[in-house]
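Using the numbering used here, you'd call the opening residue of the sequence shown number 2 and step up by one each time.
All residues carry an ideal CB built from backbone N, CA and C; glycine is no exception.
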Amino acid sequence: MEIIGVLIAGLIIGLLGKFVAPGDRDNIPLWLTVLCGIAGVLIGYYAAAALGVDATDGIDWIRWIISIIVAAVLVVIAATVTGRRTGRRI
């Protein structure tokens, strides 16, 4: 059941990361967005723990914000690496 939770969180965080990423980042496929989201969740949780963010009984907002930022960075990297460009070329 934990894997399904990570996949769902990865999808949501990946889409949020794509939303907050600067520029037009709609040129990567959904599966890559999900992978960026999953990696964002995992890296974000480890980064928050390394920064000393304590776990709470409720929602860990700081951990989620860090995860979204990491996912946004990963979406930008993925869009750059895949090289799929939209729009006109000059």
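Exercise. Where does G45 sit, in a helix, a strand or coil, going by DSSP?
Worked result: helix
Exercise. Near V42, what residues of its chain come up, given a Cβ to Cβ distance below 6 Å and the 5 sequence neighbours on each side ignored?
Worked result: A10, G11, I14 and S68
For this session: For I44, I'd like the list of residues in its chain whose CB is within less than 7 Å of its CB, leaving aside the five on either flank, ordered along the chain.
Result: V71
For this session: Could you round the C-beta distance between L8 and A40 to whole angstroms and report it? I think they count as a contact, below 8 Å.
Result: Not a contact, Cβ separation roughly 12 Å.
Exercise. DSSP three-state call for G102: helix, strand or coil?
Worked result: The requested residue 102 does not occur in the structure, where the chain is confined to residues 2 to 91.
For this session: With a threshold of 16 other CB atoms inside 10 Å of the CB of L52, please say whether the residue is buried or exposed.
Result: exposed
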